[in-house]
Amino acid sequence: MDIILSNIVIGISFGFILFLLGTGLSLTMGLMRIINLAHGAIYMVGAYMAHFIAKLTGNFLLGILAGGVIGGLLGILIERGFLHRLYKREMDQVLLTIGFVYVLTNITQWIWGPVPKSGIVPEIFAGSVPVGIVDIPIFRLSVIGIGILALIGLWLFQDKTRVGAMIRAGMDNKEMTMGMGINLQIVFTGVFALGTFVAGFCGLFGAQSLGINLAIGWDALLLSMIVVVIGGVGSIQGALAGGLITGLVDAFGKAFFPEFAHFSIYALLIIILLLRPGGLLGRRI
1325 MDIILSNIVI GISFGFILFL LGTGLSLTMG LMRIINLAHG AIYMVGAYMA
1375 HFIAKLTGNF LLGILAGGVI GGLLGILIER GFLHRLYKRE MDQVLLTIGF
1425 VYVLTNITQW IWGPVPKSGI VPEIFAGSVP VGIVDIPIFR LSVIGIGILA
1475 LIGLWLFQDK TRVGAMIRAG MDNKEMTMGM GINLQIVFTG VFALGTFVAG
1525 FCGLFGAQSL GINLAIGWDA LLLSMIVVVI GGVGSIQGAL AGGLITGLVD
1575 AFGKAFFPEF AHFSIYALLI IILLLRPGGL LGRRI
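Under my numbering, the first residue of the sequence shown carries the number 1325, and numbering increases by one thereafter.
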């Protein structure tokens, strides 16, 4: 029972990281119909920046904020400078954003070098809580708490604000929304920046599970796309479901079927694609 509880906590904490990672990709695909394969590389840059600022200042919270800011700025640069010219040109979007993966990876290597960075656990989140014979790290519990706060904030933004109403309207009927005088170009840029901000924001949290290295951009992209496929496109609730389910399957797979752990989330992906190709809670686009 203790082992099960421990893996539930590990799975949920990893699931909230995947939720934050996949939310931005889900919204941009749902609203803008843009395939941003540079999403994982932006997460990587945010993780490196957050690690650098946290080490430099000794302030963990300032570090994660810096990661979010650099992620948001990169999102604005990529969307305003390049992607806004490529709407409805999916192949061009794919080629461009793959190019940005290599550009951002090489810039990151030039600035911070090729050596992977270790995760940072601030003193306030150090230690563990004993549950039976198992010690659960406080850092894992803090990730769950921050993930819940981020979920509430994103849900309120999407469902309870005027901007959120514009986003939902744009997903349901873009032409009608523009006909009502809403400037979707500004909304598009804002949503893209929000998605990349969240990706950069969770980089330092994810370091305990995913690490900080030059290859993490591709790994993060793959995980975020799995979350989107499982949860469905254009839905914060779907991203939450996809992230938590993926995190729990990964945790229990590593605990009870270590020889097949690497394939557990891919088996889940195949099952979802067979049973619900549109995802569990995806919006129709």
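Don't be surprised by glycine CBs; every beta carbon is placed ideally from N, CA and C. This one's a predicted model, so the numbers in the text were calculated from it and none came from an experiment.
Between the alpha carbons of residue i and residue j, how many angstroms are there, rounded?
| i | j | result |
| --- | --- | --- |
| Val1552 | Val1427 | 25 Å |
| Gly1535 | Met1504 | 46 Å |
| Leu1420 | Glu1447 | 41 Å |
| Ala1362 | Ile1491 | 22 Å |
| Tyr1411 | Asn1331 | 42 Å |
| Ile1560 | Asn1383 | 29 Å |
| Val1458 | Ser1452 | 9 Å |
| Phe1651 | Ile1327 | Here the chain comprises residues numbered 1325 to 1609, so residue 1651 is not present and cannot be evaluated. |
| Thr1352 | Gly1423 | 19 Å |
| Asp1413 | Gly1354 | A small fix is needed here, since residue 1413 is Arg in this sequence, not Asp. Using only the alpha carbons, I get a separation of about 15 Å. |
Please classify residue i as buried or exposed, where buried requires at least 16 neighbouring CB atoms within 10 angstroms.
| i | result |
| --- | --- |
| Phe1613 | Here the chain covers residues 1325 to 1609 and nothing more, so residue 1613 does not appear. |
| Phe1590 | Correcting the residue identity first, residue 1590 is Tyr in this sequence and not Phe. With fewer than 16 Cβ atoms within 10 Å of its Cβ, Tyr1590 is classed as exposed. |
| Leu1598 | exposed |
Judging by CA-CA distance, which residue of the options is the nearest neighbour of residue i?
| i | options | result |
| --- | --- | --- |
| Phe1376 | Leu1473, Asp1543, Thr1513 and Ile1444 | Ile1444 |
| Arg1486 | Ile1540, Glu1403 and Ile1506 | Ile1506 |
| Ala1539 | Ile1327, Gln1417, Asn1430 and Leu1410 | Asn1430 |
| Leu1342 | Val1418, Val1573, Gly1387 and Met1415 | Val1573 |
| Leu1398 | Thr1520, Ile1460 and Asn1360 | Thr1520 |
| Gly1364 | Gly1514, Asn1537, Pro1454 and Met1356 | Asn1537 |
| Arg1357 | Gly1477, Gly1423, Thr1513 and Ile1470 | Thr1513 |
| Gly1437 | Arg1464, Ala1575 and Tyr1372 | Tyr1372 |
DSSP three-state call for residue i: helix, strand or coil?
| i | result |
| --- | --- |
| Ser1559 | coil |
| Ser1452 | strand |
| Lys1412 | coil |
| Val1439 | coil |
| Val1445 | coil |
| Pro1461 | strand |
With a threshold of 8 Å between beta-carbons, can residue i be considered close to chain C, or not?
| i | result |
| --- | --- |
| Ile1402 | In the structure shown, chain C cannot be found, because there is only a single protein chain. |
Return the Cβ separation of residue i and residue j in integer angstroms, given the expectation that the two are a contact with Cβ distance under 8 Å.
| i | j | result |
| --- | --- | --- |
| Gly1391 | Ala1374 | 3 Å |
| Gly1567 | Gly1370 | About 17 Å separates the two Cβ atoms, so there is no contact after all. |
| Val1439 | Phe1529 | Rounded, the Cβ-Cβ distance is 21 Å, inconsistent with contact. |
| Gly1555 | Gly1603 | 5 Å |
| Ile1472 | Val1333 | About 13 Å; that fails the 8 Å criterion. |
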